[in-house]
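Written out below as structure tokens is the structure these notes cover.
Numbering (our numbering), first residue to last: 17 to 195.
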């Protein structure tokens, strides 16, 4: 995947780079500063052209995958979350395969990307999707979103176990948390 370092680029420069991409292509934006403002503006200006998936979100490092769509392509929250689930599953599978071959540095990097991406994905569901579902369904306490929030807590514990196992280069523990 092509990578674009956006440090030093203003919004117009970034938009110029992205506008050259054809639908179906993706690019990874990287930067050492928070790029949230640039990305929010991008989604406000052209909401149907780009889809963003957080790869890494740290105080000193931001990485975001941008997928380009045609304006006419139908899009939905469900399709976005489905694509993001697939992307995260792929990251985890790659990490597990690398760990099996003793390639721990790359395993640790992929597990960190998996954690950041999954935690962002969970945040999107809990802050945006669940409240809308609860509003429309009239269900909250004791409803399905409460159960999903509990599942998210369990998932986060397992993912943190993956991070620890990768850091300790412990294949057995990694497999246990992956199961």
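For each residue, glycine too, the CB sits at the ideal point set by N, CA and C.
### Query
With burial defined as no fewer than 16 other Cβ atoms inside 10 Å of the residue's Cβ, what is the status of residue 132: buried or exposed?
As a first step, residue 132 is located in the chain shown; it is residue number 116 there, counting from the start. Buried is the call here.
### Query
Where does residue 47 sit, in a helix, a strand or coil, going by DSSP?
Walking along the chain shown from the start, residue 47 turns up at place 31. Strand.
### Message
Just to confirm the assignment, what range does the beta strand (DSSP E) spanning residue 21 have?
### Response
As a working mapping, residue 21 is identified with position 5 in the chain shown. 18-21 is the extent of the beta strand (DSSP E) around residue 21.
### Contact between the stretch 99-113 and the stretch 132-152 (3+ Cβ pairs under 8 Å)
Yes, the stretch 99-113 touches the stretch 132-152.
### Query
Below 8 Å, can you find three or more Cβ-Cβ pairs linking the stretch 41-56 to the stretch 71-78?
yes
### Query
Around the C-beta of residue 155, are 16 or more other C-beta atoms found within 10 angstroms, so that it is buried, or is it exposed?
Within the chain shown, numbered from 1, the residue matching residue 155 stands at position 139. Residue 155 should be labelled exposed.
### Query
How many Å lie between residue 182 and residue 129 at the Cα?
Within the chain shown, the letter at position 166 stands for residue 182. Within the chain shown, the letter at position 113 stands for residue 129. Cα to Cα, the separation comes out at about 12 Å.
### Message
For a test of the three-state rule: what should DSSP assign to residue 92, helix, strand or coil?
### Response
Taking the first residue of the chain shown as 1, we reach residue 92 at position 76. Three-state result, residue 92: coil.
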